[in-house]
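Reading through the structure tokens given below for one structure.
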Amino acid sequence: MGSRERRRGYLSIIVAAVLFGMWPSVAKLLLAGLHPLTIALYVQIVPGLLFLLTLRGFRLPARDRPLLLATAVLGGTLGPISYLFGLERTTAVDAALLGNTEALFTILFGFALLGERINRPAYGAMAAIALGAFMVTTEWRFGDVQFFTYIVGNLLLIAAAGFWALNGTGSTVLLRRVRILPLLTAQFLVGTAFMLPIAAVSGAPLIPSIGIVPGLVFLGLSGVAAFSVLYFHAFRTIGVMRTGSILSTSSIWGVLIALVLFPEQALGLWQVVGGALMIVALIALYRFSEGPPSRHKPKR
């Protein structure tokens, strides 16, 4: 693959990181007037309908259909539901910082499931990202009443990060044989099909008020549609592990946006320390993982 295409891959994931960092604050604003399941449903429907025509002539080999179903449920149903219920129970600042855990999971799954490898020092940087996420999540307040205020929400955010990272890893395999837009469209629509009965049974309103529709459309087009296209393009051009590491920069943008929109959500000391640790570890991870991603070949 040429250097120009690789540069486009890096640019794609940098822009995607900005869009991903915007997610917590925009979604938090929408949660003030909408049920989490309503938001989750519409941010999948909007890009699914937008790209609907790309499914014309789309054929997926029978062997890939179970993987498509799994990635759709993980990324289009479980991920959004966990994330939005988690965001409802925590702060936009915490959510922005914990966005780094998706990058960590993406790197780990690239290692474990796709056989991608990076240099040894990079694994220390990955451990530092995990430690930083632990600090942000717990603030070392074990046994403190305040510890339980946001812990459930933070754990749901981490679970969502795992679901989305699994979706991305599985999608990388599918992208070797199918184009990005048809794959995304199929995942959005299948994820919506599974989410719709859940929303109906839960009693979540299926039709939002007119005034909130622009916000839903904006989040669906920017935070889901545009982000997903750029994210998958980066997977295809620079590999899963590099994509995951650069995605961590989303926390920088996310925290800045959250502090502007929610100035009352001040950062605690350990959140600052944990967030700074994740950012420094990200820079180290990027430096240590320079060069094309290698693949582990098992001994015969």
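The numbering of the sequence shown is my numbering, which starts it at 284 and goes up by one. C-beta: ideal position from N, C-alpha, C; glycine also. Values in this document were obtained by computation on a predicted structure and should not be read as measured data.
Determine contact between the region 513-526 and the region 346-355, defined as no fewer than three beta-carbon pairs at a distance below 8 Å. no
With distance defined between alpha-carbon atoms, name the residue in Ile-322, Ala-378 and Leu-343 nearest to Leu-466. When each option's Cα is compared against that of Leu-466, the closest is Leu-343.
Please report the residue range of the alpha helix (DSSP H) in which Trp-306 lies. 286-314 is the extent of the alpha helix (DSSP H) around Trp-306.
Glu-385 by DSSP, collapsed to three states: which one? helix
Just the Cα atoms here: how many angstroms apart are Leu-439 and Val-376? 15 Å
So does the region 373-388 actually touch the region 326-343, counting three or more Cβ pairs closer than 8 Å? no
Distance between beta carbons of Phe-388 and Gly-445, contact taken as under 8 Å: 5 Å
Does the distance from the CB of Leu-314 to the CB of Ile-322 come in under 8 Å? yes
Enumerate in chain order the residues of its own chain whose CB-to-CB distance from Thr-475 is below 7 Å, with the five nearest sequence positions on each side excluded. Around Thr-475: Leu-324, Gln-327, Ile-328, Gly-331 and Gly-359.
Can you name the start and end residues of the alpha helix (DSSP H) that Ala-476 belongs to? 463-485
Phe-510 by DSSP, collapsed to three states: which one? It is helical.
Could you check where the alpha helix (DSSP H) with Leu-324 kicks off and where it finishes? 319-333
Whether Leu-317 touches Pro-491 by CB criterion (8 Å): yes
I need the boundaries of the alpha helix (DSSP H) containing Phe-501, first residue and last residue. 496-501
Leaving out five residues on either side along the sequence, give the residues of the same chain with a beta carbon under 7 Å from the beta carbon of Ala-567. Ala-408
Given a cut-off of 8 Å, decide if Leu-302 and Ser-505 are closer than it, judged by their beta-carbon atoms. yes
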